[in-house]
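In this note's numbering, the protein residues as written are 74 to 1090.
First comes the structure, then the notes that go with it.
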Amino acid sequence: MFSPHHPVILQWSIRFLSSVLGFTISLVEVPTMAQITPDNSLGTERSNLSSTNVINGGARRGTNLFHSFSEFNIGNGQRIDFANPVGVDRILTRVTGSDRSNILGTLGVLGNADFFLINPNGIVFGRNARLEVRGSFLATTAIAVQFGEQGVFRTDTPQVPSLLTVNPSALWFDRPQPAPIVNQSAAFAGTSPGGFGVFGLRVPNGRNLLLVGGAVQLDQGGVAALGGRVELGGVAAPGRVELTADNRLRFPVGIERADVSLTNGAIIDVAAGGGGDVVVTARNLDIRQQSAIYAGIVAPGGTATRQAGAIILDTTGSIGLDGQGSTLQNSVNANVVGNSGDIQIRGRTFSVTNGATVLALSGRQGNVGNINIEAMDAVTIDGFGSRFSSTITSQLSNGVGKGGSVTLTTRNLSLTNSGALGTSTFARGDAGDIRIMADTITVDGVGSRRSSGITSSVAPGAIGNGGVIDIQTGSLVVTNGGRLFASTFGQGNAGDVRVNARDRVVLDGSGSNQFPSAIVSQVATPGIGNGGNIQITAPTLTLTNGAQLAANTFGRGNAGDITLRVRDAVVFDGLDGNGAASGAFSSVESRAIGNGGNINIQTDSLQLTNNAGLFASTLGRGDAGRIQVQARSSVQLATGGRILSSVEPSGIGNGQEIAIQTRSLRVTDQAQINASTKGNGEAGRIQVDAITLEMASGGQFLTTTTGRRNAGDMQLRVRDRLSLTGENSGLFANTASGSSGNGGTIFVNASNLALQNRARIAVDSQGTGDGGNIQLDTNSLTLKHQASISAETVSNTGGNIALTVRDILLLRRNSLISTTAGKAQGNGDGGNIDINAGFIVAVPSENSDITANAFQGRGGNINITTQGIFGIAFRDRLTPLSDITASSEFGLAGTVIITTLGIDPLQRGADLPTTFSTPPLAQGCRVQGTRTSSFVMAGQGGVPANPGDPIVADTLWQDLSPLAAADGRPSAGNSSPLLSTTSAIVEAQDWATLPDGTIVLTTQAPMHLPDIGVQCR
């Protein structure tokens, strides 16, 4: 059959020439004589063959005409016609002998009656067999035909039919293995309404052609009922197949079926101007060696209401479609208006292999039919990796319409070696959806032309939206370059990709064409529209060896979101052989206009290792997407793992937030969380909410700028411990050399914060922009082994550092807090340092410094408020000791204000006397009686409340006053105030009793006044 949508044009051309040559040769051969022998079962109504090869007679019952033969064969090149008396609608011919019927020539009916050929021994249609009937045709190897409740027309016990006036209602099979029907006919049978050649057994347009036997074999043979119905059915055991009034078969559920096959270029064709169904009912169905089934509309013109029929394949076993050119196709030709029909496939297994195809296509105007596949055990789509892929496709080809869906239900789905399943639109209209329900899905391997995969696309020049890819599965495994791909190259949105897995989702590696195993949603060049979303729901998700999730825009439109809802664990790990990283990617590519999509992850644990990561970037005109991670237990980045939000050099747009919420966050071994800008846009910010945060061995948070736009901010809330360890480990909101943007601000709120072994928190500016600010709020802050907190600049104003430490700030072994400016001997004032700490502790000899220095500009200000400061002191210049400096090489020094709320026992106070004193006692009453009196005071002027306590302000005696006279009046010889205004601590010299009986120590000894008497009692 010639059709632009039929891939067997050349094959049929060759076949037509062969059949013409064969027919020509047969004309010069002695024709084989027909072997048609009427039996005597009809009595006087017996059939008879005239000299003109017309069969007359028969038993007429109502509109039914019955013939009976002991043998019935038509020779090669011969023609046999059945007379069709007026009023006869149906001619039934049975063979009561023991031989099969060989129809090698032409079988005709001289009228419009339907024709039944019944031979339980088998029926063979030769290569030159043809039908010249005007009604429907049924050939069967059943033993009998039932007519409702009126009776049966049998071949095994032939009798004169009684009142069989109604329509046939069933075909009876009673042999353990019914005989087969074989069709080898490739005879030219005219042209179709579309002008294409038709070959094989053909009935008039709109009529039915049914072959029902044991095995039904189409070996090079063609069967055509254009606009009508072709049914092939195989029966393997005794049973009954129902027959409807309009000549359709109904197979009972329990009947055992036989195999049906189409081989060596066999064709079933029902495509015409509308209608046209193909139904195959079998145990196993084998379609191979360029064999095909065609349905659809090929007649030009028409209206949008024209509807093609369906292709229905129903088996209890396997359905196999194998080899290049082997196809199931339900299509509407390019210049034709109308809707293509459905393709329905049911069996235990279904396979499309070695370049075979299943295809639903539209025409100039109209909708595409749906493809529905139900295979209980397995569906396999496997290419042979050379020139053609094996595919199942629903395609809106041209004009205006709506694409059909592809629905697949099975236990195991496998797409390998360039096998593909997809929907697409090349016209004005949406592509169809893809819905897959399978326990396991495997997408593996690459052919030379394309990846194995499941795709939904809007083609270049098309106007419409891509279809949704919706997968419900136990496990999905995509390997060696396999892909799930939703894209738009035209004008319209790409479809979503949705995966819901009960057990796991695994993507691994890349293929020989260097494409990674991936799930992709893409706005491609020159597409105009938004990318679809990628949504994955599963207990576990693993991407390794360069496998990717990608939502990109290369055209005009926003990229889609990537949303992962994974109950247990998400793992991204490693590179492929070409250096491509495993990860989730959202990007606005170069020359694209649109915003990047968001990456959202909800899981228990997330692991990014060996250079794998989450990437949101813009290289075009538009903002990068947001990255949000919510992990109940942990997030781990190691060995180069990355979370990146970036504005690349060609990008015009802002980076977006990286937000992480988890219990434990670990970033180690050169791993990074990075929000940077290299282009014309602000960098994004990093926001973390965790119980613990550990960064080691080069693990970093970065919000950097290398251009004229600003670095992003960083906000970290760590409820327990934040630990930064190792060289190049730390938090960085820097500006790079040559940049003019400002550094970002780092906000940290942590219960405990420790930096050691050269770890850093830095908002340094290496360019001409200002350094950023650092704000830390913690219970304790420890810097050890050259750790640092810095807001330094090379040539501009340093940033500010504000530290709130409720307990202790500890600096050890060359640690540093710095806002130094102009480190490259440039201008710029040093930034300010504001520290509010319970205690500040350093070791004097370890050279740990707090600096706000400058080179040519003014030194910054340092403001420290603390309960005590130990081991570090203010100095004008940096020394090998632990220093606090705010100097400037050529500018004004900054100010250093240290406010201590208590006494520092390490600082030197006023010297106390070191010799015991025995001052004179004030004159008073002599002790009564014979006992003597004495007063001894020894010591250095003050003692602690107990021997184990230090001498601090709140434990010193300070209620000092001058000596009082015995009468309670102050000594007249001293006018000093009662409370010393000096800060020196002086020994008490005397004591006195106040009027209320209070005893106080005084700093002055009494003056001796002998002329004044003392009143004694």
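The C-beta atom is built at its ideal place from N, Cα and C for all residues, glycine as well.
Report task. With a cut-off of 8 Å on the beta carbons, I'd call Q595 and N573 a contact; round off their distance for me. Result -> Contact flag wrong, Cβ pair sits at about 22 Å.
Query raised in the report: T498 to N443, Cα distance in whole Å?
Result: 14 Å
Query raised in the report: From which residue to which residue does the beta strand (DSSP E) around E205 run?
Result: R203 to E205
Query raised in the report: Is it the case that the Cβ atoms of A894 and G904 are separated by a distance below 8 Å?
Result: yes
Requested in this report: Report back the beta-carbon spacing between G1109 and A756 to the nearest angstrom; my notes put them in contact at under 8 Å.
Outcome: The chain is shown only over 74 to 1090; residue 1109 falls outside these bounds and no answer can be derived.
Requested in this report: Please state whether DSSP places S921 in a helix, a strand or coil.
Outcome: coil
Query raised in the report: So, using beta-carbon positions, are L580 and L637 closer together than 8 Å?
Result: no
**Report entry** DSSP-derived helix/strand/coil call for G286
**Finding:** strand
Requested in this report: With DSSP collapsed to three states, give me the class of G420.
Outcome: strand
**Report entry** Where the beta strand (DSSP E) through P953 begins and ends
**Finding:** It is not in any beta strand (DSSP E) - P953 carries neither H nor E in the DSSP assignment.
Query - Neighbourhood of V791 by C-beta distance below 6 Å, restricted to the same chain and skipping five residues each side - result: A763, L766 and A823
Query - Alpha carbon of Q564 to alpha carbon of R501, nearest angstrom - result: 9 Å
Query raised in the report: Can you name, in chain order, every residue of its own chain whose Cβ lies under 6 Å from the Cβ of T798, other than the five neighbours on each side?
Result: A769, Q829, N830 and A832
Query raised in the report: Just curious, the beta strand (DSSP E) that I700 is in, first and last residue?
Result: I700 to A711
Report task. Can you say whether N651 is buried or exposed, counting buried as having 16 or more other CB atoms within 10 angstroms of its CB? Result -> exposed
Report task. Give me whichever residues DSSP pairs with D359 in a beta bridge. Result -> S334 and G393
Query - F943 beta carbon less than 8 Å from that of I957 - result: no
Query - Candidates I509, Q839 and S391, of which the one nearest S868 by Cα - result: Q839
**Report entry** From I674, R321 and D247, residue whose alpha carbon lies closest to that of A310
**Finding:** D247
Query raised in the report: Which class does S560 belong to by DSSP, given the choice of helix, strand or coil?
Result: strand
Query raised in the report: Under three-state DSSP, which class holds T27?
Result: Given that the chain is displayed from residue 74 to residue 1090, the structure contains no residue 27 and the question cannot be resolved.
**Report entry** Cross-strand partners of D907 (DSSP beta bridge)
**Finding:** A875 and N936
Query raised in the report: Along the chain, where does the beta strand (DSSP E) that runs through F246 open and close?
Result: A243 to F246
Query - C-alpha distance - V303 paired with P589, whole-angstrom precision - result: 45 Å
Query raised in the report: Which residue from S707, K857, H858 and E865 puts its Cα closest to that of F805?
Result: E865
**Report entry** Strand pairing of M768, partner residues [DSSP]
**Finding:** V740 and L797
Query raised in the report: How is the beta strand (DSSP E) around V303 delimited, first residue to last?
Result: R302 to G307
**Report entry** Coarse secondary structure for F324, derived from DSSP in three states
**Finding:** coil
Query raised in the report: Got a sec? Which residues, its chain only, sit under 6 Å from G932 by beta carbon, not counting five neighbours each side?
Result: G903, A925, N926, A959, S960, S961, A966 and G967
Query raised in the report: Hey, would you say T238 sits closer than 8 Å to G160, going by beta carbons?
Result: no
Query raised in the report: To which residues does DSSP link N1095 through a beta bridge?
Result: Given that the chain is displayed from residue 74 to residue 1090, the structure contains no residue 1095 and the question cannot be resolved.
Query raised in the report: Roughly how many angstroms lie between the CA atoms of G930 and T892, to the nearest whole one?
Result: 12 Å
Query - contact_flag[the region 268-281, the region 216-233] where n(CB pairs < 8 Å) is 3 or more - result: no
Query raised in the report: If you follow the beta strand (DSSP E) that K751 is part of, which residue opens it and which one closes it?
Result: No beta strand (DSSP E) contains K751, which DSSP labels as neither H nor E.
Requested in this report: Helix, strand or coil for N445, going by three-state DSSP, please let me know.
Outcome: strand
Query raised in the report: Cβ of G439 within 8 Å of Cβ of V405?
Result: yes
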